[in-house]
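Asker: Below: one structure in structure tokens.
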Amino acid sequence: MTTDEKPTIRIVLHAPTGSALQRARNNAANILKDDSRADVRIVVNAEAVAAALDQPDPAADARTWVCPNTLRRLSREAAASMTVLPHAAALALALLQREGWIYVRA
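Mapping of the sequence shown onto the numbering used here: position 15 corresponds to residue 7, and the numbering continues sequentially without gaps.
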């Protein structure tokens, strides 16, 4: 997608577990294969944070937003390719929905 093209849709995939993270990564790849102009993000919290850090996926990591509270609880840092959310994942998900993002629980 070029900078002057607007996304056709904005989807936030929520992954709170390791298995949900794998589904979210697969969902993101499939969505982008079908619609290259879609803006897709994966929000990870709880168990999915450790899974995302322990099993990197370069294609998905750049689209992954990480809960800062879970990182603190785990005493870990996000990979450089990931984005740390400015607040708790639950609040971030609510704010994204208010901004028009479509929520999908992976």
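We put the beta carbon where it would ideally sit given N, CA and C, even for glycine.
Since Arg97 is in the alpha helix (DSSP H), which residue starts that stretch and which ends it?
Answerer: Per DSSP, Arg97 belongs to no alpha helix (DSSP H); it is in the beta strand (DSSP E), 94 to 97.
Asker: In the DSSP output, what is Gln31 paired with across the bridge?
Answerer: Reading the sequence as shown, one finds Asp at residue 31 and not Gln. Bridge partners of Asp31: Arg2.
Asker: Which runs of the alpha helix (DSSP H) at least 4 residues long sit entirely within the stretch 49 to 76? Give them in chain order.
Answerer: Entirely contained in the stretch 49 to 76, the alpha helix (DSSP H) runs reaching 4 residues are, in chain order, 50 to 53, 60 to 66.
Asker: Measuring straight from C-alpha to C-alpha, what distance separates Ala30 and Arg65?
Answerer: In a straight line, the C-alpha of Ala30 is about 32 Å away from that of Arg65.
Asker: For the alpha helix (DSSP H) that contains Asn19, what are its first and last residues?
Answerer: Per DSSP, Asn19 belongs to the alpha helix (DSSP H) from 10 to 26.
Asker: Does the beta-carbon distance from Val35 to Ala44 come in below 8 Å?
Answerer: No; because the gap between Cβ atoms is not below 8 Å, this pair is not in contact.
Asker: State buried or exposed for Leu83, treating a residue as buried only when at least 16 other CB atoms are found within 10 Å of its CB.
Answerer: Label assigned to Leu83: exposed.
Asker: Which two residues bound the contiguous alpha helix (DSSP H) that contains Ala43?
Answerer: Run containing Ala43: 39 to 46, per the alpha helix (DSSP H) assignment.
Asker: Determine the extent of the alpha helix (DSSP H) in which Ala81 is found, giving its start and end residues.
Answerer: Counting along the chain, the alpha helix (DSSP H) containing Ala81 begins and ends at 81 to 90.
Asker: Below 8 Å CB to CB, which residues in the same chain sit around Asp53 once its five sequence neighbours on both sides are set aside?
Answerer: Taken in chain order, the residues that qualify are Ala44, Ala71, Ser73, Met74.
Asker: Quick one: is Ala51 buried, meaning 16 or more other Cβ sit within 10 Å of its Cβ, or exposed?
Answerer: The residue in question, Ala51, is exposed, as its Cβ has fewer than 16 Cβ neighbours within 10 Å.
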